[in-house]
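In the numbering used here, the protein residues as written are 1354 to 1648. Below you'll find the structure, written out as structure tokens, and then a few comments.
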Ligand code: PMP
């Protein structure tokens, strides 16, 4: 990964309808989003020049904003086209795509009824979230002390910036102890997800994953459920208590950035990289590149 700071790079960023020089894509310090987290975003990935599930991501961005009570002034098709334009102008074919929408500066209090809504889209080269060595062994995960909130406490179905406060805290605490990531439980004490990815348990040849009722129902999660079912692997979405981590044969996480990443350790539990994880890694790698899945 590049060590260049993100505000000092070459290229362009799509900003409120125009492609602007990368270093000029700025907001004022008195921006509602910065103070009150009135901001939603997406994380997407392009493979060989094609953004995987671009429209699904643009639709989720719209939904996330609506959940926070604002409307993005660009349609889904416009956003899809803007992502492509940013990517192509930056001459990227395999990259990460980051659309972000936020409330501007017209009002600077809790109430922000009149604030204009902004949208920016940045694209950058981003090889792998976890290194190939980590992926081949399985990542080590801590169990976070932070709990995913109830949908009555926070807008949990939105990919809202504010929800990432506890993710950064969890990830920093895990990294400080040498782990790559953290598993988060929810307010009921059930297994929820990682700090930027969903989680699957392989038990007796079947997959079990927490019901996405208080965290992001990832686009990768949905893709992997479909890929597994196409292989005849039974997938159950249900409440999973942390004690069940003891009986899992294998564990993996899924996300746009993480793709399918096997887990080698969660707190006191250890796992081998299992056959379902391997199958899903290869099926997912083919699917995102529009290739036929090997029989
Ligand atoms: N949960 C969280 C908290 C995330 O940040 C992400 C990544 N967007 C996911 C799950 C996985 O979502 P997706 O598969 O749509 O990338």
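For every residue, glycine included, the Cβ atom is placed at its ideal position computed from N, Cα and C. Note that the structure is predicted; figures quoted are calculated from it, not measured.
Residue i, buried or exposed, once every other Cβ within 10 Å from all chains shown has been counted against 16
| i | result |
| --- | --- |
| residue 1599 | exposed |
| residue 1543 | buried |
| residue 1484 | exposed |
| residue 1503 | exposed |
| residue 1589 | exposed |
| residue 1472 | buried |
| residue 1444 | exposed |
| residue 1371 | exposed |
| residue 1656 | The chain is shown only over 1354 to 1648; residue 1656 falls outside these bounds and no answer can be derived. |
| residue 1353 | For residue 1353 there is no data in the structure shown, the boundaries of the chain being 1354 and 1648. |
| residue 1580 | buried |
| residue 1563 | buried |
| residue 1617 | buried |
| residue 1357 | exposed |
| residue 1405 | buried |
| residue 1440 | buried |
| residue 1386 | buried |
Identity of the residue in the options nearest residue i by Cα
| i | options | result |
| --- | --- | --- |
| residue 1381 | 1434, 1421, 1457, 1412 | 1457 |
| residue 1587 | 1579, 1560, 1408, 1611 | 1560 |
| residue 1646 | 1584, 1609, 1602, 1487 | 1584 |
| residue 1594 | 1478, 1558, 1546 | 1546 |
| residue 1532 | 1611, 1487, 1570, 1605 | 1487 |
| residue 1550 | 1359, 1530, 1521, 1471 | 1521 |
| residue 1433 | 1452, 1416, 1634 | 1452 |
| residue 1604 | 1575, 1479, 1557, 1579 | 1557 |
| residue 1516 | 1438, 1613, 1430, 1417 | 1417 |
| residue 1530 | 1615, 1619, 1413, 1436 | 1619 |
| residue 1638 | 1394, 1399, 1376, 1412 | 1399 |
| residue 1426 | 1437, 1439, 1411 | 1411 |
| residue 1526 | 1495, 1403, 1442, 1500 | 1495 |
| residue 1397 | 1464, 1613, 1643, 1609 | 1609 |
| residue 1633 | 1621, 1615, 1359 | 1615 |
| residue 1567 | 1554, 1591, 1577 | 1591 |
Closer than 7 Å: residue i CB and nearest the ligand PMP heavy atom
| i | result |
| --- | --- |
| residue 1405 | no |
| residue 1553 | no |
| residue 1568 | yes |
| residue 1448 | no |
| residue 1550 | yes |
| residue 1578 | no |
| residue 1515 | no |
| residue 1392 | no |
| residue 1574 | yes |
| residue 1436 | no |
| residue 1609 | yes |
| residue 1512 | yes |
| residue 1546 | yes |
| residue 1571 | yes |
| residue 1457 | no |
| residue 1396 | yes |
Local conformation of residue i per DSSP, three classes
| i | result |
| --- | --- |
| residue 1517 | helix |
| residue 1411 | helix |
| residue 1559 | strand |
| residue 1574 | helix |
| residue 1641 | helix |
| residue 1539 | strand |
| residue 1636 | helix |
| residue 1547 | strand |
| residue 1395 | coil |
| residue 1417 | helix |
| residue 1527 | helix |
| residue 1493 | strand |
| residue 1498 | strand |
| residue 1505 | coil |
| residue 1579 | helix |
| residue 1554 | strand |
- Query: Unbroken beta strand (DSSP E) runs of length 3 or more, entirely within the stretch 1420-1483: which are they?
  - Reply: Listed in chain order, they are 1448-1456, 1470-1477.
- Secondary structure, alpha helix (DSSP H): runs of 4+ residues fully inside the stretch 1359-1392: Runs of the alpha helix (DSSP H) inside the stretch 1359-1392: 1385-1389.
- Pick out the complete alpha helix (DSSP H) segments inside the stretch 1596-1633, 4 residues or longer, and give them in chain order. When DSSP assignments are scanned along the stretch 1596-1633, no uninterrupted stretch of alpha helix (DSSP H) that is 4 or more residues long falls wholly within it.
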